[in-house]
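Q: Below is a structure I'd like to ask you about.
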Amino acid sequence: MKILVCITHVPDTTSRISFTNGDTEFDKSGVQYIIGPYDDYALARAVELKEQSGGSITVLNVGTAETEPTIRKALAIGADEAIRINAEPTDSLFVASEIANVAKDAGYDLILMGRESIDFNGGMVHGMVGELLGLPSVSPVMTLDIEGDTAKMTREIEGGKETIEVKLPFVAGCQEPIAEWKIPNMRGIMSARTKPLNVVEPSAGASATKLEKFEMPPAKGDVKMIDADNVEELVNLLKNEAKVI
Amino acid sequence: MSILVFVENADGQVKKTSLEAVAYAAAISEDVTALAMGNNIDQSELEGLGKYGATKVLHADDEKLNQGIIQAYATVISKAMESTGADILVLANSSLGAPVSARVAIKNDASLVSNVVALPDTSAGFKVKRSIYTGKAFANVELTKDKKILAIKKNAAEVKETGGAATVEKFAADLSDSEFDAKITNTDKATGEVLLPEAEIVVSGGRGLKGPENWGMIEELAKELGAATGCSKPVSDMEWRPHHEHVGQTGVKVSPQLYIAIGISGAIQHLAGVNSSKNIVVINKDPEAPFFKAADYGIVGDAFEVVPKLTEAIRAAK
Ligand SMILES: Cc1cc2nc3c(=O)[nH]c(=O)nc-3n(C[C@H](O)[C@H](O)[C@H](O)COP(=O)(O)OP(=O)(O)OC[C@H]3O[C@@H](n4cnc5c(N)ncnc54)[C@H](O)[C@@H]3O)c2cc1C
């Protein structure tokens, strides 16, 4: 089985979010970058599927050279080779067009990625890639098994899940608990250094949106502490001050 | 501006998030057509969409559309956009709306923005504000294509009754079998409960509750408030609670009027899923728990003592 896993390069989940340059740029100073947590789940499942039935895993990232440590980490976790599309991503359409362009004649049986990135939380790339390639797309996928040429999966819905079957090839946006996260071991890290990382120039993919400005939410007021022996006071505040009950 | 709104239903009832989408559209334009799918939805539900501002309802009443097949829905929506001449599509940023909207965007060469939290600014171009970094910030984004799709974040738009009854028309989508390549073979859904992603009030428990056997008091408090129940990630990882209750960065993102966190430390990944809540109450025995920094109201105390008393006080105040 030939699997493509698309990964994002995003600020660590504990990063403090701030902006510079008149609130038009994300402030990267002191920020640690990681593989998007949802993408990490997709990659982990790909590694498990490969362990079960063989095949190959290609990871792909649309990004500038600074994303290469993140890509190497994906190689250390178990991908066989990597593609970096050399561009600063501008929006979901741009990323999806570049992925579709690389994937269109490559014969992947499975295109996996996270349900969304944790920076822009767009949740659109999997559907766009599916549509661009004329393949089914399913998201958010919580479990995924392959039986012959059929994928069996569960998809999260509000308050529950659906069981879905689809013939390969298809595109999935993944989330937990699809697999156990994999932490790269020393052997993985060593072998990742020599695995191929191919840099491809972008195909001048189009954008459909333009970022104008970032904004922080208004600062939070101080917390009002209430004595544990006086829960009536909390009920009173929720009723008359916050007016939520 | 002609707007099409994709309306979802659960067991024949229009979802609240879809009413939010209709109300959002009605706040932008008087020309709002709603589109509903499947044959398991009542005529009165469809006509009732008029109350929230839809002037017309298209009903694709094909039985095959009772289940939310992503590809098929995207095709029906695209055909409805074409037939109504809509330049804007509005829908809920739900587990179905989000993946469907991405396909519709490609089919229609449209600009798509998800997690929209405010009405558009059309004074120069067409700009919307969206939530990013899992609720930790916002971005103002311009939609540069002629056709535009807005996926509205849950609880971000107010449901207002502004209109009367809508006229309902059948909509024949003429779908081919290939639209149904993905088959839904089973649906497993919690029924009769308040659904977490759409809830106005959420009561959540963390590892501080020690075990699944102690969730009775959480459920009781939730019941008293008409709330949904949630939990932190370790709680669902240990299978004390089902996965779909897990709130946070990697779980469900909620934006209720009231979020009550009990025995949850307030790790940044948990906060990321709740920081768009209007009011946050934290109950934790550790006065240094980071969650207090994000809270509006806090009680330092043992959950096992505070929660039953709180439930009682709410009951008494009714
Ligand atoms: C990439 C990544 C993604 C993650 N995503 C998520 C996510 O989406 N959601 C999420 O929740 N976590 C997530 N986490 C985990 C997160 O970092 C924390 O580990 C988790 O939120 C802690 O859960 P908790 O607060 O229930 O447990 P703990 O951290 O163990 O805290 C328990 C709290 O209960 C209090 N307590 C104990 N006993 C009592 C009592 N009797 N009465 C009152 N209070 C009591 C304690 O003082 C403590 O504050 C993620 C982590 C990573 C690395």
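Order-wise, the sequence lines are chains L and Y. If you count by my numbering, then the first sequence holds residues 1243 to 1487, one letter each, in order. If you count by my numbering, then the second sequence holds residues 195 to 512, one letter each, in order. Heads up, the beta-carbon is just placed ideally off N, CA and C, and yes, glycines get one too. Being a predicted model, the structure only gives us computed values, none of them experimental.
1. Alpha carbon to alpha carbon, how far is P406(Y) from G399(Y)?
2. Buried or exposed: R324(Y), going by 16 or more other Cβ atoms within 10 Å of its Cβ?
3. Shorter than 9 Å from the beta carbon of Q1274(L) to some beta carbon of chain Y?
4. Should V1441(L) be labelled buried (16 or more other beta-carbon atoms within 10 Å of its own) or exposed?
5. Using beta carbons (cut-off 9 Å, strictly below), is A1434(L) in contact with chain Y?
6. Along the chain, where does the beta strand (DSSP E) containing M1428(L) start, and where does it finish?
7. From the DSSP output, read off the bridge partner residues of K1452(L).
8. If I follow the unbroken beta strand (DSSP E) through D382(Y), where does it start and stop?
9. Step through the CB atoms of chain L and report whether any lies within less than 9 Å of the CB of D205(Y).
10. Residues in its own chain within less than 7 Å of A1450(L) by CB, not counting five upstream and five downstream?
11. Have a look at P391(Y), T278(Y), A384(Y) and K503(Y) and flag the residue whose alpha-carbon is nearest the alpha-carbon of I197(Y).
12. Quick check: the Cα distance between A219(Y) and G242(Y), rounded to an integer number of angstroms?
13. Which full runs of the beta strand (DSSP E) of 3+ residues lie inside the stretch 1261 to 1305 of chain L, going along the chain?
14. List the residues that DSSP assigns as beta-bridge partners of Q443(Y).
15. Tell me whether N478(Y), by its Cβ, gets closer than 8 Å to a heavy atom of ligand 1.
16. Kindly provide the ranges of any beta strand (DSSP E) runs that are 3 or more residues long and lie completely inside the stretch 1349 to 1437 of chain L, ordered along the chain.
17. Excluding sequence positions up to five away, which residues of its chain have a Cβ less than 6 Å from the Cβ of A1321(L)?
18. Report the option in G1376(L), L1354(L), M1395(L) and P1460(L) whose CA atom is closest to the CA atom of L1285(L).
19. Hey, V270(Y) and T227(Y): beta-carbon distance below 9 Å or not?
20. Alpha carbons only, please: which of P450(Y), G424(Y), E433(Y) and K342(Y) is nearest the one belonging to V298(Y)?
21. Does any CB atom of chain L fall closer than 9 Å to the CB of P391(Y)?
22. Using a Cβ-Cβ cut-off of less than 9 Å, give me the residues of the stretch 287 to 320 of chain Y that come near chain L, in sequence order.
23. So what does DSSP say about N287(Y), is it helix, strand or coil?
24. Can you grab the Cα-Cα spacing for the pair I474(Y) / G402(Y), in whole Å?
25. Which residue comes first and which comes last in the beta strand (DSSP E) that contains I395(Y)?
26. Just to make sure I have the definition right: I need the residues of chain L whose C-beta is within less than 9 Å of the C-beta of A384(Y). Which are they?
27. Name the residue from L337(Y), K209(Y) and T328(Y) whose alpha carbon lies nearest to the alpha carbon of S288(Y).
28. Got a sec? Which residues, its chain only, sit under 8 Å from N245(Y) by beta carbon, not counting five neighbours each side?
29. Within the present structure, is the beta-carbon of G457(Y) separated from the nearest heavy atom of ligand 1 by less than 8 Å?
30. Could you name the residues of the stretch 1372 to 1385 of chain L whose beta carbon sits closer than 8 Å to any beta carbon of chain Y, in the order they occur along the chain?
31. Going by alpha carbons, who is nearest to K1270(L) out of S1257(L), M1243(L) and D1387(L)?
32. Leaving aside the five residues before and after L504(Y) along the sequence, list all residues of the same chain whose C-beta is less than 7 Å from its C-beta, in chain order.
33. Bridge partners for K323(Y) per DSSP, in chain order?
34. Assuming F200(Y) is part of the beta strand (DSSP E), what are its boundary residues?
35. Quick one: list the residues of chain Y neighbouring K1455(L), beta-carbon separation under 7 Å, in chain order.
36. Which residues in chain L have a C-beta closer than 7 Å to the C-beta of Y267(Y)? List them in chain order.
A: So, from the data block:
1. For the purposes of this step, residue 406(Y) is taken as residue 212 along the second sequence, with counting starting at 1. For the purposes of this step, residue 399(Y) is taken as residue 205 along the second sequence, with counting starting at 1. Spanning the two alpha carbons is a distance of roughly 10 Å.
2. Within the second sequence, numbered from 1, the residue matching residue 324(Y) stands at position 130. Buried: at least 16 other Cβ atoms inside 10 Å.
3. Working through the first sequence from its first residue, we reach residue 1274(L) at position 32. Taking Cβ atoms only, chain Y never reaches closer than 9 Å to Q1274(L), which makes this a no.
4. As a position in the first sequence, residue 1441(L) is number 199, starting the count at 1. Looking at its Cβ environment, which holds fewer than 16 other Cβ atoms inside 10 Å, V1441(L) is exposed.
5. Residue numbering aside, residue 1434(L) sits at position 192 when the first sequence is read from its first letter. No, no contact with chain Y.
6. In the first sequence, the residue the question calls residue 1428(L) occupies position 186. Counting along the chain, M1428(L) falls outside any beta strand (DSSP E), though it belongs to the alpha helix (DSSP H) covering M1428 to A1434.
7. Here residue 1452(L) refers to the residue found at position 210 of the first sequence. DSSP output for K1452(L) lists E336(Y) as bridge partner(s).
8. Taking the second sequence and counting its residues from 1, one reaches residue 382(Y) at position 188. D382(Y) -> beta strand (DSSP E) spans K377 to K383.
9. Reading the second sequence from its first residue, position 11 is the one you call residue 205(Y). Not one chain L Cβ lies under 9 Å of D205(Y).
10. For the purposes of this step, residue 1450(L) is identified with residue 208 of the first sequence, where counting begins at 1. Around A1450(L): D1333 and L1335.
11. Here residue 197(Y) corresponds to residue number 3 of the second sequence, with the count starting at 1. It is T278(Y) whose Cα lies nearest to the Cα of I197(Y).
12. Here residue 219(Y) refers to the residue found at position 25 when the second sequence is read from its first residue. Here residue 242(Y) refers to the residue found at position 48 when the second sequence is read from its first residue. Approximately 16 Å, taken between the alpha carbons.
13. 1275 to 1277 and 1298 to 1304
14. If you number the second sequence from 1, residue 443(Y) lands on position 249. In DSSP, Q443(Y) forms no bridge with anything.
15. Translated into the one-based positions of the second sequence, residue 478(Y) becomes position 284. At least one heavy atom of ligand 1 is nearer than 8 Å to the Cβ of N478(Y), so yes.
16. 1352 to 1356, 1379 to 1389, 1392 to 1399, 1402 to 1409 and 1412 to 1416
17. Mapped onto the first sequence, residue 1321(L) falls at position 79. Same-chain partners within the cutoff: I1299 and V1301.
18. Numbered from 1 along the first sequence, position 43 holds the residue referred to as residue 1285(L). The shortest Cα separation from L1285(L) among G1376(L), L1354(L), M1395(L) and P1460(L) belongs to L1354(L).
19. Start at 1 with the first residue of the second sequence, and residue 270(Y) comes out as number 76. Start at 1 with the first residue of the second sequence, and residue 227(Y) comes out as number 33. No, the Cβ-Cβ distance between V270(Y) and T227(Y) is not below 9 Å.
20. Here residue 298(Y) corresponds to residue number 104 of the second sequence, with the count starting at 1. Taking only the C-alpha atoms, the option nearest V298(Y) is K342(Y).
21. The sequence position of residue 391(Y) within the second sequence is 197, counting from 1. P391(Y) counts as touching chain L.
22. N287, S288, S289, L290, A292, P293, V294, S295, A296, R297, V298, A299, I300, K301, D303, A304, S305, L306, V307, S308, N309 and G319
23. If you number the second sequence from 1, residue 287(Y) lands on position 93. Note: N287(Y) maps to coil in three-state DSSP.
24. Within the second sequence, the letter at position 280 stands for residue 474(Y). Within the second sequence, the letter at position 208 stands for residue 402(Y). Computed Cα separation, rounded: 18 Å.
25. By 1-based counting over the second sequence, the position of residue 395(Y) is 201. That run of the beta strand (DSSP E) goes I395 to G399.
26. In the second sequence, counting from the first residue as 1, residue 384(Y) sits at position 190. Ordered by position in chain L, the residues that pass the 9 Å Cβ test against A384(Y) are G1401 and G1402.
27. If you number the second sequence from 1, residue 288(Y) lands on position 94. Checked all of L337(Y), K209(Y) and T328(Y); the closest Cα to S288(Y) is K209(Y).
28. Walking along the second sequence from the start, residue 245(Y) turns up at place 51. It should be pointed out that residue 245(Y) corresponds to Lys in this sequence rather than to Asn. Closer than 8 Å at the Cβ level, and outside the excluded window around K245(Y), lie E355, T356, G357, G358 and A359.
29. As a working note, residue 457(Y) is residue 263 in the second sequence. Yes, ligand 1 has a heavy atom inside 8 Å of this Cβ.
30. G1372, E1373, L1374, P1378, S1379, V1380, S1381, P1382 and M1384
31. Locating residue 1270(L) in the first sequence gives position 28, where the first residue counts as 1. Here the closest residue by C-alpha is S1257(L).
32. Numbered from its first residue, the second sequence carries residue 504(Y) at position 310. Excluding residues within five positions, the ones whose Cβ falls inside 7 Å are L415.
33. Here residue 323(Y) refers to the residue found at position 129 when the second sequence is read from its first residue. N334(Y).
34. Numbered from its first residue, the second sequence carries residue 200(Y) at position 6. S196 to V201 is the extent of the beta strand (DSSP E) around F200(Y).
35. Start at 1 with the first residue of the first sequence, and residue 1455(L) comes out as number 213. Ordered by position in chain Y, the residues that pass the 7 Å Cβ test against K1455(L) are N334.
36. Indexing the second sequence from 1 puts residue 267(Y) at position 73. Within chain L, no residue comes near Y267(Y); the closest Cβ sits about 11 Å away, beyond 7 Å.
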